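Residue numbers (the numbering used here), protein chains in the order written: chain A, 251 to 498; chain B, 18 to 241; chain C, 144 to 402.
Using N, Cα and C, we set each Cβ at its ideal position, and we do this for glycine too.
If you're wondering where the values come from, they're calculated on a predicted model, not measured in any experiment.
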Amino acid sequence: MAKKEEKKDYVKSGKRLDGRKVDELRPIKMEVGVLPNADGSAYIEWGQNKILVGVHGPKEALPKHKQNPYRGLVRYVYRMATFSVPDRKNPKPGRREIEISKVSGEALEHSVFLEKFPNTAIDVFVEVLDSNAGTRVAALTAASLALADAGIPMKDLVCAVGVGKAGGEIILDLNKDEEDAPDAVDIPFAIMPRTEEIVLLQMDGLLSRQEWQKAAKLGMEGCKRVFEMQKEALRKKYGKMEQVSEKK
Amino acid sequence: MDEEQGEAGLQNSEQAVEHKKKQIVVPGELITDERKKLGQHVFIENGKIYSDALGITYPDAGVAYVVPLVGIYLPQSDDLVVGIVERETVKGYMVGINSIYPSYISADKCRDMLSKGGIVSAKVNSVNEINEAELFDVRVFYGGEILSVSPAKVPRIIGKNGSMLAVLKNGTGCNVVVGRNGWAWVKGGDVAKLIDAIKLIEAESHLDNLTVKVEELLKAKKVE
Amino acid sequence: MENVIWDLKADKVVSLIKEGKRIDGRKFDEYRKITVKNGISENADGSARVRIGNTDVVAGIKMVPLAPYPDMPDEGTISVGTELLPLASPEYEVGPPSEDAVELARVVDRGIRESNAIDFKGLCIKEGELVWTIFIDAYVLNDDGNTFDAASIACLSSLNQTKVPKLEEGKIVKGEHSGKLKLSKQPLLFTFAKIAGKIVADPCLDEEKAMEARFGCAVADDSSLCAFQKGGGGALRLSEIDECIEIAFKKAKEFRKLV
Chain A
251 MAKKEEKKDY VKSGKRLDGR KVDELRPIKM EVGVLPNADG SAYIEWGQNK ILVGVHGPKE
311 ALPKHKQNPY RGLVRYVYRM ATFSVPDRKN PKPGRREIEI SKVSGEALEH SVFLEKFPNT
371 AIDVFVEVLD SNAGTRVAAL TAASLALADA GIPMKDLVCA VGVGKAGGEI ILDLNKDEED
431 APDAVDIPFA IMPRTEEIVL LQMDGLLSRQ EWQKAAKLGM EGCKRVFEMQ KEALRKKYGK
491 MEQVSEKK
Chain B
18 MDEEQGEAGL QNSEQAVEHK KKQIVVPGEL ITDERKKLGQ HVFIENGKIY SDALGITYPD
78 AGVAYVVPLV GIYLPQSDDL VVGIVERETV KGYMVGINSI YPSYISADKC RDMLSKGGIV
138 SAKVNSVNEI NEAELFDVRV FYGGEILSVS PAKVPRIIGK NGSMLAVLKN GTGCNVVVGR
198 NGWAWVKGGD VAKLIDAIKL IEAESHLDNL TVKVEELLKA KKVE
Chain C
144 MENVIWDLKA DKVVSLIKEG KRIDGRKFDE YRKITVKNGI SENADGSARV RIGNTDVVAG
204 IKMVPLAPYP DMPDEGTISV GTELLPLASP EYEVGPPSED AVELARVVDR GIRESNAIDF
264 KGLCIKEGEL VWTIFIDAYV LNDDGNTFDA ASIACLSSLN QTKVPKLEEG KIVKGEHSGK
324 LKLSKQPLLF TFAKIAGKIV ADPCLDEEKA MEARFGCAVA DDSSLCAFQK GGGGALRLSE
384 IDECIEIAFK KAKEFRKLV
């Protein structure tokens, strides 16, 4: 896809192409427990992104030779619907989806008490129904919710955000137009919020060390804001309770 | 059977959920930085105690623990479970108990022969490091059916000393045995009303006045 | 492990049917609650999400300009794909479409194609060179029985929403459209299960596990049928098939309002 020739002002007077500030997230909605057959599930809308996650497990990991006798496995499967992108996507998973599945599964592994479930697998299925940049971080955020909804014991939730650069500015949560900027840098960033441990980090583009410092700080803040929304979504399911306690 | 049900209701320091101050916690959330005895579903990090599950904690309790609102069943010794016989083995049977693996019953622990598809109740004898269990004290059920409920809600369905279960039995006329594993054997009575009552308990297990609400539901006239 | 509890449930389903009842209390020809939500993906040219009871299916359309088949140089075509997503049921595995998924796709395809609802000649852009291919992809998100009818409604509703992308010199102009896709018929699929010698409409999962055979028929309009599919290892009598067709035509009138 040819990049547009006309110069875009990716950030002008503190406003981005879609009117957001440099540290502003797109609108995000999260819902937990949306699939009756799954052990845990979540749905997220993040900007135009619409992603569904279902969790099955822990269950016996088969074939047997794949089992780990000391801890469970996280099997993360990230897939995109053919109609989730502008140019119809071939239903067969491509290398991008396979890579995302791998790094996302590794991100979640660190947060789950896998030693409690030797020989088992926890399957996380992600289906992207609509996309506009940042699907992997939105999916990971929802996946962590789905794991909590399934009752899988965890050390912490995993929250994720995209951070990067466009038009010379360090910005939070790039959308598709910004990803297409000539100097675009896209950094998917995921942490376990209590300890600030980074469990997913990738980068695409050219960045100076100072720019990275700025981006890292922005990424941390962004993740923590996402974390607050995750807690809300989990509590909302059982929300009535808080009011009842207060009556006493 | 009722006594066992009552005990099952009090398994693993799950105390009465009616009176104390309670709080919903998410995985990784701080329970307390005081020194307390550790109960279920919590872990220690740098001297502080955190929840590992989405559940309810009682900040005033002497033990730091979390009662999960969701989750699969993992067998623990002395649990009463309801199972379905899957197959015979050389010297015993494999019985599905709604967990990761089926459990093993040695033939010498059963008075009668078990048949495939049969419903039984049993107690968990031992559990190994990969969460596989062996059962004993097997009783066979004849007739009836199995209901599936959320394992996390079983203590609430049984209630303190079996109190909620008694309400359910009296209000529906059903013969009911609820396994800690989330499967319940039911025979006779108004099964449809029982299912409605259990759904109510599952949905509002963490709210107050649940017993009253359940009693009201059971009293309501049957709609033909 | 799940199989054991299903065998028990299957017994209950059968004994209730013999008493003239269904496991969820419905009448024999009654469908579960159906909801249709359109426009669930902006990248799709048309999309819809359909729930029948707890069965949940999403469908999306992408119109792609491609070279025509050599033997039909002035006709466009449709291509229906379905996936039974692993998150829809503990029984579904990751991997290429299973034979169940393929059957689902082909039955839904037949219903739309054979009804002549879409004017394939009208999809011609430049004879011999470029025609529209309508890719219809349905994803089963939760399987509680009768994914066939849910997929069929989702695909039809998506088609009714579809906007034809604008073309400039054979390439799609992103974000611009040249009108809506027109369907001359509203083909709908109706699926039945035979259990203990009786016919029930819209089988839920428990009923599907207990059924002897399955029968689906697609209705093109008030008097035409456009697809049949018998599934499952049992057998059907002619009278049973006629019973299904009777119910299908009756229900079609109601369902056309939903899509």
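Legend entry - Three-state class that DSSP yields for V351 (chain A) in the structure shown: Here residue 351 (chain A) refers to the residue found at position 101 when the first sequence is read from its first residue. According to the sequence as given, residue 351 (chain A) is Ser; it is not Val. S351 (chain A): helix per DSSP, three-state reduction.
Legend entry - Three-pair Cβ contact test at 8 Å for the stretch 257–267 of chain C versus the stretch 372–387 of chain C: no
Legend entry - Reference Y67 (chain B); option with closest CA among A:K405, A:G290, A:Q460: In the second sequence, residue 67 (chain B) corresponds to position 50, counting from 1. Nearest option by C-alpha distance: A:K405.
Legend entry - C-beta neighbour in chain A for V102 (chain B), strict 7 Å: As a working note, residue 102 (chain B) is residue 85 in the second sequence. Taking Cβ atoms only, chain A never reaches closer than 7 Å to V102 (chain B), which makes this a no.
Inset, instruction - Just mark K140 (chain B) as buried or exposed, buried being the case when its beta carbon has 16 or more other beta carbons within 10 Å. - result: As a first step, residue 140 (chain B) is located in the second sequence; it is residue number 123 there, counting from the start. It is buried - the Cβ of K140 (chain B) has at least 16 other Cβ atoms within 10 Å.
Inset, instruction - Could you tell me which residues DSSP pairs with T276 (chain C) in its beta bridges? - result: Position 133 of the third sequence holds residue 276 (chain C). DSSP output for T276 (chain C) lists C:V207, C:T220 as bridge partner(s).
Inset, instruction - Please name the residue, chosen from C:A294, C:I390, C:D345, that lies closest to S190 (chain C) on a Cα-to-Cα basis. - result: Counting from one through the third sequence, the residue named residue 190 (chain C) turns up at place 47. The shortest Cα separation from S190 (chain C) among C:A294, C:I390, C:D345 belongs to C:A294.
Inset, instruction - Show which residues of chain A have a CB atom less than 7 Å away from the CB atom of K205 (chain C). - result: Within the third sequence, residue 205 (chain C) is the residue found at index 62, counting from 1. What K205 (chain C) touches in chain A: T332, F333, R338.
Legend entry - alpha helix (DSSP H) segment containing D243 (chain C), residue limits: By 1-based counting over the third sequence, the position of residue 243 (chain C) is 100. Here the alpha helix (DSSP H) through D243 (chain C) covers 242–257.
Inset, instruction - Tell me the start and end of each unbroken beta strand (DSSP E) in the stretch 148–202 of chain C that is at least 3 residues and wholly inside, in chain order. - result: 177–181, 189–195
Inset, instruction - Report, in whole angstroms, the separation of the C-beta atoms of D280 (chain C) and P341 (chain A), which I expect to be a contact under 8 Å. - result: What you label residue 280 (chain C) is simply residue 137 of the third sequence in a count that begins at 1. What you label residue 341 (chain A) is simply residue 91 of the first sequence in a count that begins at 1. About 7 Å separates the two Cβ atoms, so the contact holds.
Inset, instruction - Drop a sphere of 10 angstroms on the beta-carbon of N285 (chain C), count the other beta-carbons inside from all chains shown, and report buried for 16 or more, exposed for fewer. - result: Numbered from 1 along the third sequence, position 142 holds the residue referred to as residue 285 (chain C). Result: buried.
Legend entry - I350 (chain A) beta carbon less than 7 Å from that of G307 (chain A): Taking the first residue of the first sequence as position 1, residue 307 (chain A) is located at position 57. Taking the first residue of the first sequence as position 1, residue 350 (chain A) is located at position 100. No, they are not a contact pair.
Inset, instruction - Identify the contact partners of F291 (chain C) in chain A, using a Cβ-Cβ distance below 8 Å as the criterion. - result: Residue 291 (chain C) sits at position 148 when you count from the first residue of the third sequence. Within chain A, no residue comes near F291 (chain C); the closest Cβ sits about 17 Å away, beyond 8 Å.
Inset, instruction - Let me know the secondary structure DSSP gives R380 (chain C) once reduced to three states. - result: As a first step, residue 380 (chain C) must be located in the third sequence, where it is residue number 237. If DSSP states are grouped into helix, strand and coil, R380 (chain C) belongs with coil.
Inset, instruction - Look up L152 (chain B) in the DSSP assignment and give the residues it is bridged to. - result: On the second sequence, residue 152 (chain B) is found 135 positions in, with the first residue counted as 1. Answer is B:I122, B:V141.
Inset, instruction - Within its chain, find whatever has a CB closer than 6 Å to the CB of D96 (chain B); leave out the 5 residues flanking it on each side and keep chain order. - result: As a first step, residue 96 (chain B) must be located in the second sequence, where it is residue number 79. Taken in chain order, the residues that qualify are V141, R197.
Inset, instruction - Check S30 (chain B) in the structure and name its three-state DSSP category. - result: Reading the second sequence from its first residue, position 13 is the one you call residue 30 (chain B). Its pLDDT being 40, under 50, S30 (chain B) is placed unreliably in this model, and the value from its coordinates should be taken loosely. In this structure, S30 (chain B) counts as helix in the three-state DSSP scheme.
Inset, instruction - Quick one: using the 10 Å Cβ neighbour count with 16 as the cut-off for buried, is Q463 (chain A) buried or exposed? - result: In the first sequence, the residue the question calls residue 463 (chain A) occupies position 213. Its Cβ having fewer than 16 others within 10 Å, Q463 (chain A) is exposed.
Legend entry - Check whether L131 (chain B) and Y159 (chain B) have beta carbons under 7 Å apart: Locating residue 131 (chain B) in the second sequence gives position 114, counting from the first residue. Locating residue 159 (chain B) in the second sequence gives position 142, counting from the first residue. Cβ distance not < 7 Å, so L131 (chain B) and Y159 (chain B) don't count as in contact.
Inset, instruction - Quick one: which residues of the stretch 162–188 of chain B get their C-beta closer than 9 Å to a C-beta of chain C? List them in chain order. - result: E162, I163, S165
Inset, instruction - Please name the residues in the stretch 240–257 of chain C whose beta-carbon is closer than 7 Å to at least one beta-carbon of chain A, in chain order. - result: none
Inset, instruction - Determine, using beta carbons only, whether D50 (chain B) comes closer than 7 Å to chain A. - result: Within the second sequence, residue 50 (chain B) is the residue found at index 33, counting from 1. Judged by the 7 Å Cβ criterion, D50 (chain B) is not in contact with chain A.
Inset, instruction - Can you grab the Cα-Cα spacing for the pair K130 (chain C) / G176 (chain B), in whole Å? - result: Chain C is shown from 144 up to 402; residue 130 (chain C) falls before or after that span and cannot be answered.
Inset, instruction - Identify whether S458 (chain A) lies in helix, strand or coil by the three-state DSSP scheme. - result: As a position in the first sequence, residue 458 (chain A) is number 208, starting the count at 1. Residue state, collapsed to three classes: coil.
Legend entry - For C267 (chain C): DSSP bridge partner residues: As a first step, residue 267 (chain C) is located in the third sequence; it is residue number 124 there, counting from the start. C:V274, per the DSSP bridge assignment.
Legend entry - Presumed contact (8 Å Cβ cut-off) between D423 (chain A) and N299 (chain A), rounded CB distance: Walking along the first sequence from the start, residue 423 (chain A) turns up at place 173. Walking along the first sequence from the start, residue 299 (chain A) turns up at place 49. No, D423 (chain A) and N299 (chain A) are not in contact; Cβ-Cβ is about 11 Å, not under 8 Å.
Inset, instruction - Please list the partners that K352 (chain C) has in chain B, where partner means a Cβ-to-Cβ separation under 8 Å. - result: The count along the third sequence starts at 1 and reaches residue 352 (chain C) at position 209. Within chain B, no residue comes near K352 (chain C); the closest Cβ sits about 14 Å away, beyond 8 Å.
Inset, instruction - Compute the Euclidean distance between the alpha carbons of V223 (chain C) and G304 (chain A), then round it to the nearest angstrom. - result: To locate residue 223 (chain C), count along the third sequence from 1; it is residue 80. To locate residue 304 (chain A), count along the first sequence from 1; it is residue 54. Rounded to whole angstroms, V223 (chain C) to G304 (chain A) spans 24 Å at the Cα level.
Legend entry - N-terminal and C-terminal residue of the beta strand (DSSP E) that V316 (chain C) is part of: As a first step, residue 316 (chain C) must be located in the third sequence, where it is residue number 173. Looking at the DSSP string, the run of the beta strand (DSSP E) that includes V316 (chain C) is 314–323.
Inset, instruction - From the DSSP output, in three-state form, read off H242 (chain A) for me. - result: Summary: the structure shown does not reach residue 242 (chain A), with chain A confined to residues 251 through 498, and so no result is reported for it.
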